[in-house]
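Take a look at the structure set out below.
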Amino acid sequence: MAATEKTPAIPVLILKEGTTRTRGREAQRTNIMVARAIAEAIKTTLGPKGMQKMLVDSFGDVVITSDGATLMKEIEVEHPIAKMLVEVAKAQDMEAGDGTTSAVILAGELLKNADELLDMNIHPTIIVEGYRKAAEKAIESIDKHSKEVKWNDKDTLKQVAVISMGTKSAYIAKEMLADIAAEAVLSVAEERDGKIRVDIDDIKVEKKEGKSIFDTRLVRGVVIDKEVVHPEMPKRIKNAKIALIEAPLEIEKLEFDSKLHITTPEQMKEFKEQERQLLKEMVDKIKSVGASVVFCQKGIDDVAQYFLKEAGILAVRRVKKSDMEKLAKATGGRIVSNIKDLTEEDLGHAELVEERKVGEDKMTFVEGCRNPKSVTILVRGGTKQIVDEAERTLHDALCVIRNVVEDGRIVAGGGAIEMEIARDVEEFANTLSGREQIVVKRFAEAIKAIPKILIENAGGDTVTLMAELVKRHSEGEETAGFDPFSGEIRDMMELKVIESARVKKQIVKSASEAAETILRIDDIIAAERLKTKEKGEKSGET
Ligand code: ADP
Ligand code: MG
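Just so we're aligned: 527 in the numbering used here is position 296 of the sequence shown, and the numbers increase by one with no gaps anywhere.
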């Protein structure tokens with residue numbers, strides 16, 4: 232400490248050769264331009280009439296999608312600001328399961344307006360402050376205009392999922408998947424501290440190619456993608472007592488003296504016999520605590536398999552760690568790492584453990600678990616693409632349903648809620664003055680981009696239809712929105728275009744935070760790109 236106090240800090244910034252530096256307004260302009268370019272690129276996918284994008288990666292693999300989250304993940308962007316927006320989309324998808332396109336569009340729109348405000352010589356700090364206040368108002372407004380739903384109102388939950396899935400693709404199975412997703416979420420929902428909570432991780436999604444998407448179903452229990460290890464073991468055990476073992480049912484080489492030399496057939500025999508004895512002891516232990524089923528995370532030696540079979544125990548090996556944890560939660564069992572420590576209390580319980588043929592493979596079903604809150608969605612479909620897409624779609628459906636179950640609020644879609652937000656934020660702006668007022672008004676304008684783009688993407692006349700929307704909302708029609716199918720302004724509640732309030736709030740949060748972060752940057756210091764090295768790597772040279 233003392234030493235540094237004597238030598239005053241010299242503010243020297245030494246930049247490497249080739250480093251470029253962009254400062255002030257120029258830096259802001261560049262960053263805003265990049266963000267807007269991204270928003271422009273994805274805006275045509277918004278809504279049920281949005282277009283699809285075809286992405287071809289460097290390996291020639293093709294993805295066709297209109298899902299914002301998938302798009303943002305798949306496009307390989309270079310610029311750090313673009314990368315940031317990709318992160319925004321990912322966060323939105325993780326948090327809310329929907330609303331990624333809207334979040335990126337809103338961020339782009341907020342930045343476009345900020346660019347104009349900067350041109351008017353309004354300081355970025357004032358813009359950031361104004362946007363922040365406006366975002367708070369917007370969130371209040373969503374609360375104000377949202378409608379309460381009972382957490383177990385399955386039809387409403389299903390409808391929210393149908394609307395959310397409706398914009399991904401002309402998804403044939405959406406009604407059915409929405410139904411399964413709603414059922415699954417309701418099965419795992421539980422009350423904690425007076426609130427309904429849903430842990431999506433309690434719902435296991437297991438994919439298996441074969442049959443059709445319409446054979447996807449909900450299993451009340453855990454499905455393990457593994458078969459019973461030995462063909463002569465029982466394939467069906469009722470009232471199963473389940474041992475969950477983390478350790479291998481094998482003799483690990485290290486357990487023996489490493490200097491062991493086998494020179495004669497007798498020694499070999501003795502060695503084998505010893506090994507056999509150890510394995511038998513393991514199985515005897517399992518038998519003695521009364522287990523009738525074994526799920527082992529590691530391997531099971533042939534000899535151990537034989538003893539288990541002799542004992543009439545159903546055993547499954549190489550079960551994934553995550554599946555072991557699900558089994559523990561579902562059956563009330565405890566995962567044991569050392570077989571010697573296994574006791575009766577460690578055993579889990581299920582009414583039925585059974586191996587069943589699913590498609591080409593055999594899977595093990597654990598049903599009627601002690602904890603009824605464990606379910607598996609077994610996804611079927613003709614091809615890998617179909618099951619993969621179904622899995623993605625299901626994940627989003629589960630998320631949006633969880634949102635509504637947990638927060639109990641929905642809003643009208645089709646741009647209706649955005650029109651109300653804009654009205655409230657505008658009203659708020661009128662209580663302010665000067666530059667702050669201008670900034671908050673621009674935020675309100677940005678929100679209206681959502682209905683406007685919905686209209687645009689359906690080929691509607693934006694000027695006339697936006698004017699009609701404004702008029703009807705000013706006349707108190709809170710749920711008037713744009714119907715892309717008829718091309719008219721209609722009551723979204725009547726059309727059952729309902730969405731999760733939480734998704735909408737998250738859109739406002741993600742977008743304004745992203746805009747804020749970008750606006751706070753006024754200096755870009757970029758190192759020289761390692762072009763030569765990259766080239767070399769790609770062509771396999773050094
Ligand atoms: P995001 O990634 O933002 O969810 P989407 O492409 O899913 O983007 O589009 C969502 C928007 O489309 C929302 O504003 C929603 O209200 C609107 N929307 C979805 N389905 C309908 C519908 N049937 N009628 C009118 N608007 C709809
Ligand atoms: Mg969506």
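Yeah, the Cβ is synthetic: ideal placement off N, Cα and C, and Gly gets one too.
Self-check item: Limits of the beta strand (DSSP E) - the one that K571 falls within
Solution: Within the sequence shown, numbered from 1, the residue matching residue 571 stands at position 340. For K571, there is no enclosing beta strand (DSSP E), as DSSP marks it with neither H nor E.
Quiz item: Can the beta-carbon of E379 be found less than 7 Å from the beta-carbon of G639?
Solution: Along the sequence shown, read from residue 1 onward, the residue named residue 379 stands at position 148. Along the sequence shown, read from residue 1 onward, the residue named residue 639 stands at position 408. The answer is yes: Cβ separation under 7 Å.
Quiz item: Given A365, which residues of its chain have a CB within under 6 Å of its CB, disregarding the five upstream and five downstream residues?
Solution: By one-based count along the sequence shown, residue 365 stands at place 134. Around A365, the same chain offers V656, V671, F674 as residues with beta carbons nearer than 6 Å, after the five sequence neighbours per side are excluded.
Quiz item: Just the residues with CB closer than 5 Å to a heavy atom of ligand 2, in chain order, which are they?
Solution: After applying the 5 Å Cβ criterion, the set is D329, T398.
Practice problem: For G339, verify whether its CB is less than 6 Å away from any heavy atom of ligand 1. | Solution: The count along the sequence shown starts at 1 and reaches residue 339 at position 108. The nearest non-hydrogen atom of ligand 1 is 6 Å or more from the C-beta of G339.
Quiz item: Considering only C-alpha positions, which residue in the set P682, E687, I641 is nearest to I729?
Solution: The residue you call residue 729 lines up with position 498 of the sequence shown. Between I729 and the set P682, E687, I641, the nearest pair of CA atoms involves I641.
Quiz item: Looking at S743 and ligand 1, is the gap between the Cβ and the nearest heavy atom below 6 Å?
Solution: Stepping through the sequence shown from its first residue, residue 743 is reached at position 512. Every heavy atom of ligand 1 is 6 Å or more from the Cβ of S743, so no.
Quiz item: Are the region 650–669 and the region 448–465 touching by the rule of at least three beta carbon pairs closer than 8 Å?
Solution: Result no; under three Cβ-Cβ pairs closer than 8 Å.
Self-check item: Integer-rounded CB distance, given that V520 should sit under 8 Å from T574
Solution: Within the sequence shown, numbered from 1, the residue matching residue 574 stands at position 343. Within the sequence shown, numbered from 1, the residue matching residue 520 stands at position 289. Confirmed, about 6 Å.
Exercise. Return the first residue and the last residue of the alpha helix (DSSP H) that D386 is part of.
Key: The residue labelled residue 386 in the question sits at position 155 within the sequence shown. From DSSP, the alpha helix (DSSP H) with D386 extends over 385–397.
Self-check item: Enclosing alpha helix (DSSP H) for F502 [first to last residue]
Solution: Residue 502 sits at position 271 when you count from the first residue of the sequence shown. Start and end: 496–519.
Quiz item: If we ignore side chains and look at the alpha-carbon of each, how far apart do P465 and K457 end up?
Solution: Translated into the one-based positions of the sequence shown, residue 465 becomes position 234. Translated into the one-based positions of the sequence shown, residue 457 becomes position 226. Spanning the alpha carbons of P465 and K457 requires a straight line of approximately 15 Å.
Practice problem: Quickly, what does DSSP pair D432 with across the bridge? List them, please. | Solution: As a working mapping, residue 432 is identified with position 201 in the sequence shown. Looking at the DSSP assignment, D432 forms no beta bridge with any residue, so it has no partner.
Self-check item: Same chain, Cβ closer than 6 Å to K679, neighbours up to 5 away in sequence not counted
Solution: Sequence index remark: in the sequence shown, residue 679 carries index 448 (1-based). Setting aside the 5 residues that flank it on each side, K679 is surrounded in the same chain by A653, each with a C-beta closer than 6 Å to its C-beta; the list follows chain order.
Quiz prompt | Beta-carbon proximity check, Q536 vs V460, cutoff 7 Å | solution = Along the sequence shown, one-based indexing puts residue 536 at 305. Along the sequence shown, one-based indexing puts residue 460 at 229. Contact: yes.
Quiz prompt | Any non-hydrogen atom of ligand 1 closer than 6 Å to S333 Cβ | solution = Working through the sequence shown from its first residue, we reach residue 333 at position 102. If you check the C-beta of S333 against ligand 1, you find a heavy atom less than 6 Å away.
Exercise. Please classify H226: is it buried, with 16 or more other beta-carbons within 10 angstroms of its beta-carbon, or exposed?
Key: This structure does not reach residue 226, given that the chain is present from 232 up to 773, and the question cannot be answered.
Practice problem: Note down, in chain order, each residue of its chain lying with its Cβ closer than 8 Å to the Cβ of E699, except the 5 sequence neighbours on either side. | Solution: By one-based count along the sequence shown, residue 699 stands at place 468. Closer than 8 Å at the Cβ level, and outside the excluded window around E699, lie I720.
Quiz item: Do the region 470–485 and the region 557–577 make contact, defined as three or more Cβ pairs closer than 8 Å?
Solution: Cβ pair count under 8 Å is three or more, so yes.
Self-check item: Where P496 falls, given that 16 or more other Cβ within 10 Å makes a residue buried
Solution: The residue you call residue 496 lines up with position 265 of the sequence shown. So P496 ends up on the exposed side.
Quiz item: Is it true that the region 327–339 meets the region 301–316, where meeting means three or more beta-carbon pairs spaced less than 8 Å apart?
Solution: These segments touch.
Practice problem: Under 8 Å by Cβ, that's how I've got I608 and I353 pegged, so tell me the actual separation to the nearest angstrom. | Solution: Sequence index remark: in the sequence shown, residue 608 carries index 377 (1-based). Sequence index remark: in the sequence shown, residue 353 carries index 122 (1-based). With 8 Å as the limit, I608 and I353 do not qualify as a contact, their Cβ atoms being about 51 Å apart.
Quiz item: Does DSSP classify H354 as helix, strand or coil?
Solution: Residue 354 sits at position 123 when you count from the first residue of the sequence shown. Coil at H354, not helix or strand.
Quiz prompt | Per DSSP, the bridge partner or partners of H580 | solution = Counting from 1 along the sequence shown, the entry for residue 580 is found at position 349. In DSSP, H580 forms a bridge with K472.
Quiz item: In the DSSP assignment, what are the bridge partners of G452?
Solution: Position 221 of the sequence shown, counted from the start, is the residue given in the question as residue 452. In the DSSP assignment, G452 is bridged to E598.
Quiz item: Is V393 near ligand 1, in the sense that its beta carbon is under 6 Å from a heavy atom of that ligand?
Solution: Walking along the sequence shown from the start, residue 393 turns up at place 162. The answer is no for V393.
Quiz item: Between Q283 and N688, what straight-line distance do the alpha-carbon atoms span, to the nearest angstrom?
Solution: Within the sequence shown, the letter at position 52 stands for residue 283. Within the sequence shown, the letter at position 457 stands for residue 688. Looking at the two C-alpha atoms, the distance is approximately 11 Å.
Self-check item: Buried or exposed by the 16-neighbour rule on C-beta atoms within 10 Å, applied to A757
Solution: As a working note, residue 757 is residue 526 in the sequence shown. Flag for A757 reads exposed.
Self-check item: Given S297 as reference, the closest of G281, K511, G339, I312 once Cα atoms are compared
Solution: As a first step, residue 297 is located in the sequence shown; it is residue number 66 there, counting from the start. Measuring C-alpha to C-alpha distances from S297 to each of G281, K511, G339, I312 identifies G281 as the nearest.
Quiz item: Taking buried to mean at least 16 other C-beta atoms within 10 Å of its own C-beta, is I295 buried or exposed?
Solution: In the sequence shown, residue 295 corresponds to position 64, counting from 1. I295 comes out exposed.
Quiz prompt | Exposed unless 16 or more other CB atoms sit within 10 angstroms - verdict on T235 | solution = Sequence index remark: in the sequence shown, residue 235 carries index 4 (1-based). Because the pLDDT of T235 is 45, which lies under 50, any placement of that residue in the model is unreliable, and the number read from its coordinates should be weighed accordingly. So T235 ends up on the exposed side.
Self-check item: Same chain, Cβ closer than 6 Å to K736, neighbours up to 5 away in sequence not counted
Solution: For the purposes of this step, residue 736 is taken as the residue at position 505 of the sequence shown. Excluding positions up to five away in sequence, the list reads I370, I373.
Quiz item: In or out: S741 buried (at least 16 other Cβ within 10 Å) or exposed?
Solution: Taking the sequence shown and counting its residues from 1, the one referred to as residue 741 is at position 510. When all chains shown are included, S741 counts as buried.
Quiz item: Does the Cβ of G530 lie closer than 6 Å to at least one heavy atom of ligand 1?
Solution: Here residue 530 refers to the residue found at position 299 when the sequence shown is read from its first residue. For ligand 1, not one heavy atom lies less than 6 Å from the Cβ of G530.
Self-check item: Beta-carbon proximity list for G613, same chain, < 8 Å, skipping 5 on both sides
Solution: The residue given as residue 613 occupies position 382 in the sequence shown. Apart from the 5 residues on each side of it in sequence, G613 sits with its Cβ closer than 8 Å to the Cβ of E440, G441, K442, S443, I444 in its chain, given in chain order.
Self-check item: Any non-hydrogen atom of ligand 1 within 6 Å of L609 CB
Solution: Locating residue 609 in the sequence shown gives position 378, counting from the first residue. No, the Cβ of L609 stays beyond 6 Å of every heavy atom of ligand 1.
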